[in-house]
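Residue numbers (our numbering), protein chains in the order written: chain U, 5 to 331; chain W, 103 to 408.
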């Protein structure tokens, strides 16, 4: 077994064991911390497809995270007040069923990713970074002034949405849902890396000209990767909104984009379980440092800085050595 | 809507655009010369505003506040370059984004720890308060008019500096070929620090000037930073002229969109929903502008195609 595979199993095992232990000793707070990790990791797995495999440095994944969140917020708030979302031309009603919300969230964020990607992928490098950031900011300001759904104050949903056969209000069952979705996304991602599509994407990152000479258009595979990436992050957004039972424009903020990026880079770019490691460390730091000092962002910033300057390859890179899938 | 109101809003748009230019100039210069994307440029804007507000409150002099803003931002910029950014020039943009994101966290929380979460206020100096009457009977704030004048002066100074002086020649040469000018005996790392401090000082100046018309608080820099990104994407990265044109375009679009769109929508719907829909759409106007520019010219209006 490769060293990275062992590390991956350890990471996922640890993420699975903590809440089970917490459920036994009846510490629901730790279960919700683990759920947070799983959801952040899922958002990171989405970004990792664009960032790690495709080399597309998107600083605007908050767009998709927020769209997923608002898909949940809008649908559930209409279900909560028993008012239809629209009546003309067709009647659309709200819902509080998680699977439906997930589909809507992924559809919306996928559509947005297709639009944003189609425009942004015409450029590259630093332009791409700034444009994706600007689009996320556009959503941010739009939701702030969109008073129908709470504007700046956001939307509260009083009851967590339902999943057939499960009691989602039970923390450990909601964790289970998040963990299963994370595992599915990881499995998909692993399949991806070795598929023809994944290889072409990786090749397009390393040498677009060569990929073009063998008859593949880099633009199209990058766009597809960007859409898949956006959909996974959108799903994470819907789960995150359900975890907090609250959505607000801050899900679209540039800090959110930055944090999703931090999960990926902290853990190790293009490493399968990099986002899991990154999210575990991020939430742990947030929890531990946040308890030590009100100004814990200073420490977080310093740690990040040290990692970028001196520990390239992230946590998984440090543990598993430098052989990465793509290098 | 009256012509006077419209003229006033156009002036507001130009004033906003010129402040954006001060931010965008530093960003685009740093990117053009060092190939570095610096998210922490917004923090320099904030440092300028805080230094100005603090010194002006302590000494009672606005001018002292401005000088403090320039000095503090330039010093913070130089320090940042020497300690951190210097190590990142050869790295890919991903590392630069993450490291400067980390710097924002440090600067923002550091400022919060020192000054607290409550906003500071910077008073407009007496000599510049009040309004003046412009030709055509337009009443306009003297302070905002001064901002436009200062901005235009700085812009032309910057143009002269880059186009006519020896330093400017080295900067332009550095953009083209950094190995070559290092081989010709120019101390490239000193040049980089200097360029970076210059960009930082401009951001600090913008922060101090804008600080007098809005509250000075932690996190004030990032919205401006992102607008400055939009500006340089529109204008073309690395081009000072592009930054100027882009800044004025963005300033006008943002200000006029907020006035004209709700007014336009009242023709189709009732007043209150026109106001809310209009303001929601207006907040997206500059991004639509950016998208439109990108469709026509993917590397910006004055950008160089690579």
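From the three backbone atoms N, C-alpha and C, an ideal C-beta is built for every residue, glycine too.
Classified as exposed, residue 21 of chain U has fewer than 16 neighbouring CB atoms from the shown chains inside 10 Å of its CB. Residue 303 of chain U sits in a helix when the DSSP states are folded into three classes. With contacts defined by Cβ atoms closer than 9 Å, residue 63 of chain U and residue 134 of chain U form a contacting pair.
DSSP places residue 89 of chain U within a strand segment (E or B) once states are collapsed to three. Contact of residue 266 of chain U with chain W is assigned, a C-beta pair being separated by under 9 Å. Exposure of residue 315 of chain U is indicated by the presence of fewer than 16 other C-beta atoms within 10 angstroms of its C-beta. The C-beta distance from residue 392 of chain W to residue 335 of chain W rounds to 6 Å, short enough to fall under 8 Å. Contact annotation: residue 109 of chain U and residue 154 of chain U have beta-carbon atoms that are not nearer than 9 Å. Minimum Cα-Cα distance from residue 142 of chain W among the listed residues W:164, W:309, W:204 and W:375 corresponds to W:204. Neighbours of residue 41 of chain U in chain W, taken as residues at a C-beta separation under 7 Å, are lacking, since the least C-beta distance is about 20 Å. Not a single C-beta of chain W is nearer than 9 Å to the C-beta of residue 255 of chain U. Among the residues of chain W, none has a CB under 9 Å from the CB of residue 237 of chain U; the nearest is roughly 17 Å distant. Per DSSP, the beta bridge partners of residue 240 of chain W are W:236.
Listed along chain W is no residue with a C-beta nearer than 8 Å to that of residue 210 of chain U; the closest approach is about 13 Å. By the neighbour-count definition (other C-beta atoms within 10 Å, threshold 16), residue 125 of chain W is a buried residue.
In this structure, DSSP gives residue 251 of chain U an extended state, which the three-state scheme calls strand.
With a 10 Å radius around the Cβ and a threshold of 16 neighbouring Cβ atoms, residue 246 of chain W comes out buried.
Listed along chain U are 309 and 313, each with a C-beta nearer than 8 Å to that of residue 186 of chain W.
Fewer than three beta-carbon pairs drawn from the segment 318-327 of chain W and the segment 380-394 of chain W are found closer than 8 Å, and the two stretches are therefore not classed as touching. Interface annotation for the segment 369-387 of chain W against chain U: 378, 381, 382, 385 and 386, criterion Cβ-Cβ distance under 7 Å. Around residue 26 of chain U, the same chain offers 34 and 35 as residues with beta carbons nearer than 6 Å, after the five sequence neighbours per side are excluded. Taking a cut-off of 8 Å for Cβ pairs, the segment 29-49 of chain U and the segment 282-297 of chain U touch, as three or more such pairs fall below it. Taken through DSSP and simplified to helix, strand or coil, residue 167 of chain U comes out as strand.
Taking residue 265 of chain U as reference, the option from U:298, U:61 and U:275 with the minimal CA-CA separation is U:61. Checking the DSSP bridge columns, you'll see residue 96 of chain U partnered with U:90. DSSP places residue 231 of chain U within a helical segment (H, G or I) once states are collapsed to three. The beta carbon of residue 212 of chain W sits closer than 9 Å to some beta carbon of chain U. For residue 268 of chain U, the uninterrupted alpha helix (DSSP H) segment begins and ends at 258-271. Per the coordinates, the alpha-carbon of residue 103 of chain U lies some 12 Å from the alpha-carbon of residue 79 of chain U. Listed in chain order, the non-local C-beta contacts of residue 333 of chain W below 7 Å within the same chain comprise 122, 126, 345, 348, 349 and 352, local neighbours out to five positions each way being set aside. Note that the C-beta distance between residue 176 of chain U and residue 23 of chain U is below 9 Å. Separation of the CB atoms of residue 359 of chain W and residue 387 of chain W is rounded to 4 Å, and the pair is thereby assigned contact status at 8 Å. When only Cα atoms are considered, residue 229 of chain W and residue 238 of chain U end up about 53 Å apart. The bridge partners DSSP lists for residue 160 of chain U are U:250. In the DSSP annotation of this structure, the continuous segment of the alpha helix (DSSP H) that includes residue 191 of chain U starts and ends at 175-198. Contact annotation for residue 227 of chain W against chain U: no contact, minimum CB-CB distance about 32 Å [criterion: below 8 Å].
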